[in-house]
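Residue numbers (the working numbering): 1 to 535. Ideal Cβ positions, reconstructed from N, Cα and C, are used throughout, including at glycine. Bear in mind the structure is a predicted one, so any value in this text is a computation, not a measurement. Quick notes on the structure that follows.
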Ligand SMILES: Cc1cc2nc3c(=O)[nH]c(=O)nc-3n(C[C@H](O)[C@H](O)[C@H](O)COP(=O)(O)OP(=O)(O)OC[C@H]3O[C@@H](n4cnc5c(N)ncnc54)[C@H](O)[C@@H]3O)c2cc1C
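This is the structure:
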């Protein structure tokens with residue numbers, strides 16, 4: 001095998017693969033090095049107990065950008081999305097609410113709680129869609145550096161403003177999204193607490209915040225700006241989320257992209273301020289003119305590069321980049337999926353609720369956060385149980401089911417020195433109790449359950465402090481500050497070393513956009529990087 005490449009990508013998360021595939025497609029000799037034994041990062045399908053395979057970490061798709069799907073022809077490499085059109089939210093007893101991608105259906109559901117909210121919903125949906133359009137316009141932008149005093153940077157900032165001049169007054173909507181709490185944002189439209197909580201739920205996904213925390217309105221948008229079919233744009237992928245990364249890997253392979261697994265990079269090699277390659281943990285050196293890191297920013301800057309190569313202020317920024325996570329994930333093998341007391345197929349008009357949110361009310365979400373704020377896991381966590389095996393028979397033995405349960409909050413670190421080794425079984429019980437309350441007897445159907453808390457996500461996927469997005473999606477960590485001011489343009493202080501993962505704009509979720517944008521910036525720099533190195 002060759003040890004000299006044009007580009008080396010550290011990590012085969014979906015963004016690393018997207019970045020590598022675009023660069024290979026542009027003709028560069030590209031190698032992806034992955035520390036795990038499989039590719040995919042947080043988008044993998046793995047057997048977690050004999051006979052049962054699950055989307056072990058990320059579990060539903062919405063954000064994967066149509067441009068990435070098209071450019072890399074992922075459909076022809078096996079990507080098949082199965083939209084989940086109706087989100088079912090049991091509220092306790094026989095009560096429930098459905099949030100659907102069918103506007104009329106959602107309105108009819110909302111009308112059971114508030115006529116006012118049902119009537120205003122189409123207007124809100126339009127407003128949200130217009131705001132999403134603004135956010136979408138910025139997804140493919142390379143963040144500018146508005147404070148750097150150089151003619152080049154000034155030109156880039158001016159050009160960005162000019163290109164997006166038609167955003168006009170809608171820019172203020174961005175300010176609202178970035179600064180308001182989910183509750184304040186939604187209360188400007190809706191009066192009913194249940195309806196608000198259906199939407200505010202999205203603000204809690206993956207964030208260490210409650211729906212009343214400032215800035216969480218943006219997280220709703222982040223989860224609802226996907227452009228696919230399904231309630232809120234979400235759906236399953238046949239074969240699990242690993243089918244996405246397998247398709248990207250195949251697409252890249254067609255252009256010669258090579259992947260080596262079980263090859264953790266231990267060091268980025270630097271000479272005279274320029275990247276020269278990488279060294280793996282087993283001492284192999286690979287050289288390249290460009291290196292792109294899909295590993296989280298904290299990993300790249302704090303573990304893979306000797307500090308003398310980096311400015312102190314960047315290291316300070318990276319040390320304060322917030323990655324503390326309270327998300328957890330359970331993968332359950334079961335004889336039967338949850339049978340919700342409130343679900344009636346005839347009344348609801350669909351066969352089974354494959355996609356469920358359990359968090360009846362704003363206070364429920366906020367209290368779940370309160371527990372985590374003080375260093376403990378939620379006594380009553382909010383949970384998303386989804387059952388892909390209803391629509392995909394490739395994951396479990398015939399007649400059996402896989403239930404992915406995502407939820408919060410379960411802090412990376414527990415108070416008073418308590419350990420997850422002792423507490424994990426209690427968290428598992430708390431989650432199953434919440435589901436049993438809505439779907440009596442479900443826990444009795446469980447064959448095997450894998451519970452993953454933040455330290456597990458850190459150990460297995462390499463996510464610092466287990467953060468599912470590589471870092472919080474808050475105003476201070478977005479766009480030109482993701483992951484750090486002055487270094488948000490996918491570059492680093494080391495010439496030829498780029499960042500291509502979720503620590504960069506526009507952040508986490510299986511979108512492929514950071515990988516796409518980083519590849520574009522590397523391609524822009526390529527001519528300069530080919531210049532002979534100084535002796
Ligand atoms: C539990 C969980 C649930 C989620 N649910 C969803 C969901 O349903 N839908 C959704 O859209 N998003 C979801 N997300 C978020 C989404 O999965 C991530 O934001 C996204 O997959 C990150 O992709 P990435 O390519 O940027 O990085 P990652 O997937 O984190 O990949 C980074 C890769 O780099 C490798 N690596 C790290 N260090 C090294 C090294 N030194 N040498 C070699 N390789 C290295 C890692 O092993 C990993 O493979 C979820 C995430 C988690 C953890």
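Asked                                                                                                              : Found
Endpoints, alpha helix (DSSP H) assigned at residue 517                                                            : 513-530
Validate contact between the region 248-263 and the region 17-32 using beta carbons, cut 8 angstroms, 3 pairs      : yes
Beta carbon of residue 241 nearer than 7 angstroms to that of residue 58                                           : yes
Inter-stretch contact at 8 angstroms, needing at least 3 Cβ pairs: the region 303-318 / the region 13-21           : no
Cross-strand partners of residue 404 (DSSP beta bridge)                                                            : 331 and 386
Between the CA atoms of residue 232 and residue 429 - distance to the nearest angstrom                             : 29 angstroms
Sequence ranges, beta strand (DSSP E) only - wholly within the region 238-318, length at least 3                   : 258-260, 265-271, 274-280 and 285-293
Given residue 196 as reference, the closest of 178, 217 and 332 once Cα atoms are compared                         : 217
Test: residue 371 CB closer than 7 angstroms to a CB of chain B                                                    : Of the protein chains in the structure, only one exists, and it is not chain B.
Closest by C-alpha distance to residue 323, when choosing among 385, 398, 408 and 472                              : 472
Close beta carbons around residue 112, own chain, < 8 angstroms, minus the five adjacent residues each side        : 97
Residues that DSSP places opposite residue 448 in a beta bridge                                                    : 333
Residues near residue 2 in its chain [Cβ-Cβ closer than 7 angstroms; skip 5 each side]                             : none
heavy atom of ligand 1 below 6 angstroms from residue 299 C-beta                                                   : yes
Same chain, Cβ closer than 6 angstroms to residue 360, five either side skipped, listed in chain order             : 91 and 92
Start and end residues, beta strand (DSSP E) containing residue 8                                                  : 4-10
Residue 4 burial status per 10 Å Cβ neighbour count (16 or more: buried)                                           : exposed
Residue 60 classed as buried or exposed, judged by whether at least 16 other C-beta atoms fall within 10 angstroms : buried
Proximity to residue 462 [Cα-Cα], best of 25, 16, 14 and 35                                                        : 35
Runs of beta strand (DSSP E) lying entirely within the region 18-44, each at least 3 residues, in chain order      : 30-33
Run of the alpha helix (DSSP H) containing residue 128, from where it starts to where it stops                     : 115-139
Rounded straight-line distance, which links the Cα of residue 298 to that of residue 319                           : 7 angstroms
6 angstroms Cβ shell around residue 290 - same chain, five flanking residues per side excluded                     : 7, 496, 522 and 529
For residue 535, three-class secondary structure by DSSP                                                           : Low confidence applies here, because residue 535 scores a pLDDT of 49, under 50, leaving its location unreliable; read the following figure in that light. Of the three classes helix, strand and coil, the one that applies to residue 535 here is coil, per DSSP.
Member of 85, 387, 268 and 420 whose CA lies at the smallest distance from the CA of residue 551                   : Lying before the first or after the last residue shown, residue 551 is absent from the chain, which here runs from 1 to 535.
Check: residue 588 C-beta below 6 angstroms from any heavy atom of ligand 1                                        : Nothing about residue 588 can be read from this structure; the chain reaches only from 1 to 535.
Candidates 432, 408, 129 and 375, of which the one nearest residue 419 by Cα                                       : 375
Closest by C-alpha distance to residue 220, when choosing among 230, 205, 229 and 234                              : 205
Candidates 485, 243 and 402, of which the one nearest residue 13 by Cα                                             : 243
Any non-hydrogen atom of ligand 1 closer than 6 angstroms to residue 27 Cβ                                         : no
Selected residue, minimal CA-CA separation from residue 402, among 513, 46 and 144                                 : 46
The region 342-349 contacting the region 477-491, beta-carbon criterion three pairs below 8 angstroms              : no
Pair within 7 angstroms by beta-carbon distance, residue 329 and residue 406                                       : yes
Three CB pairs or more closer than 8 angstroms across the region 99-111 and the region 366-380                     : no
Residue from 355, 435, 172 and 311 whose Cα sits closest to the Cα of residue 230                                  : 355
Residue 34 Cβ short of 6 angstroms to ligand 1 heavy atom set                                                      : yes
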